[in-house]
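Step one of this worksheet: look at the structure below.
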Amino acid sequence: MEGSDVWLHQQQAALDWLAAQGERSGFTLLDTSVDAYRQQQLRRENSRQLIQFCSVDYTGMLTVTDPGLFLQRLSQGYGKSRAFGCGLMLIKPGAEA
């Protein structure tokens with residue numbers, strides 16, 4: 453795959469992942485884009501084990517479909533890499549709110 457094809461594939465995979473999170477978390481995506489997709493690596497202290505995960509930066513708008521579920525999941529975070537500071541979502545009211 454060419455570099456631009458890899459980036460397009462990463463963007464689509466990241467958007468699909470966020471849409472699936474939304475289905476389970478009380479929101480749907482509207483105008484959303486992927487700003488950055490990074491593969492992270494770190495090693496725990498006193499360990500030879502390498503930990504790898506991806507982090508993604510999104511920008512866009514969403515619609516809250518289930519406010520109670522949305523707030524619950526928002527406070528818990530999203531994805532498997534929460535222990536590494538991932539899975540956080542910064543939200544603010546849109547222009548229509």
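To convert a position in the sequence shown, counted from 1, into the working numbering, add 452.
The beta-carbon is built from N, C-alpha and C at its ideal position, and this holds for glycine as well.
Identify the continuous beta strand (DSSP E) that holds residue i and give its terminal residues.
| i | result |
| --- | --- |
| serine 507 | 502-516 |
| alanine 465 | From DSSP, alanine 465 is part of no beta strand (DSSP E) but of the alpha helix (DSSP H) over 455-477. |
Starting from residue i, follow the alpha helix (DSSP H) in both directions and report where the run begins and ends.
| i | result |
| --- | --- |
| arginine 525 | 519-528 |
Going by the CB atoms, is the gap between residue j and residue i shorter than 9 Å?
| i | j | result |
| --- | --- | --- |
| leucine 514 | phenylalanine 479 | yes |
| leucine 460 | leucine 481 | no |
| glycine 531 | glycine 537 | no |
| tyrosine 489 | glutamine 473 | no |
| leucine 470 | valine 508 | yes |
To the nearest whole angstrom, what separates the beta carbons of residue i and residue j, a pair I think is in contact under 8 Å?
| i | j | result |
| --- | --- | --- |
| tyrosine 510 | serine 485 | 7 Å |
| glutamine 528 | cysteine 506 | That pair is no contact at about 19 Å. |
| glycine 512 | aspartate 483 | 5 Å |
| methionine 541 | leucine 526 | 6 Å |
What would DSSP say about residue i, mapped onto helix, strand or coil?
| i | result |
| --- | --- |
| arginine 496 | coil |
| alanine 547 | coil |
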